[in-house]
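These notes are about the structure you will find just below.
Residue numbers (full-length UniProt numbering): 1 to 197.
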């Protein structure tokens, strides 16, 4: 038995079957159709260990956390003229003429975000491609709303953010079956409607 154990490493490295295995199958031919024997051989090369691995390419955008300078619901008239970076979900998307409006929502509230095609065309085209519940980071200047578009029902109804740069953090791949921001009673009717389908 000790001779067999000493020879065991040689069995794994041989490219041809060991003669002992042939004699076992000659003695018991019933095992031959039920079993499959595989042999492995290993080769050792000094070149594989000495060669240096190629350096991996590190992308600039990987592992960077988007830092925000404020929250959507905490912006006020005191912030007019300041550059801010805010993150949140797209709660509403409207196009009025050439002007595009977004309501951006986070855990503190909602703020209106606007873009014009003349000012920042790249940001404007990105905003026009957005859908509801996209997660985005927006960088822009806080400005007062025009007097005709002031919304007194919102805490941030006196201001808006003029977008200069938009970054999509997470896209929505399919349409949601109901709006996330609707009232609870409206959600119940939607659930009932989906249940009855």
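C-beta atoms are modelled at their ideal positions from N, C-alpha and C, and glycine is treated no differently.
This one's a predicted model, so the numbers in the text were calculated from it and none came from an experiment.
Could you tell me the distance, in whole angstroms, from the CA atom of residue i to the CA atom of residue j?
| i | j | result |
| --- | --- | --- |
| residue 158 | residue 120 | 23 Å |
| residue 140 | residue 100 | 14 Å |
| residue 68 | residue 192 | 39 Å |
| residue 132 | residue 75 | 22 Å |
| residue 96 | residue 65 | 33 Å |
| residue 194 | residue 88 | 28 Å |
| residue 174 | residue 134 | 11 Å |
| residue 113 | residue 103 | 6 Å |
| residue 93 | residue 148 | 19 Å |
| residue 197 | residue 168 | 34 Å |
| residue 111 | residue 152 | 13 Å |
| residue 136 | residue 128 | 13 Å |
Considering only residues of the same chain and omitting the five flanking positions on each side of residue i, which have a CB-CB separation below 7 Å?
| i | result |
| --- | --- |
| residue 123 | 115, 163, 164, 165 and 166 |
| residue 98 | 116 and 117 |
| residue 154 | 110 |
Within a Cβ cutoff of 8 Å, which residues of the same chain sit near residue i, ignoring the five residues on either side of it in sequence?
| i | result |
| --- | --- |
| residue 143 | 80, 81, 159, 160, 161 and 162 |
| residue 150 | 157 and 158 |
| residue 70 | 79, 84, 85 and 86 |
| residue 77 | 144, 158 and 159 |
| residue 176 | 132 and 133 |
| residue 170 | 134 and 135 |
I want to check one thing, is the minimum distance from the CB of residue i to the heavy atoms of the ligand ZN below 6 Å?
| i | result |
| --- | --- |
| residue 114 | In the structure on display, the ligand ZN does not appear, and there are no ligands present to speak of. |
Between the beta-carbon of residue i and the beta-carbon of residue j, is there less than 7 Å?
| i | j | result |
| --- | --- | --- |
| residue 72 | residue 126 | no |
| residue 130 | residue 180 | no |
Note down, in chain order, each residue of its chain lying with its Cβ closer than 6 Å to the Cβ of residue i, except the 5 sequence neighbours on either side.
| i | result |
| --- | --- |
| residue 106 | 71, 72 and 88 |
| residue 212 | Because the chain here runs from 1 to 197, residue 212 falls outside it and cannot be looked at. |
| residue 138 | 86, 113, 163 and 166 |
Handout entry: Unbroken stretches of the alpha helix (DSSP H), 4 residues or longer, contained in the UniProt domain "OB" (84–168)
Key = The UniProt domain "OB" (84–168) contains these whole alpha helix (DSSP H) runs: 121–128.
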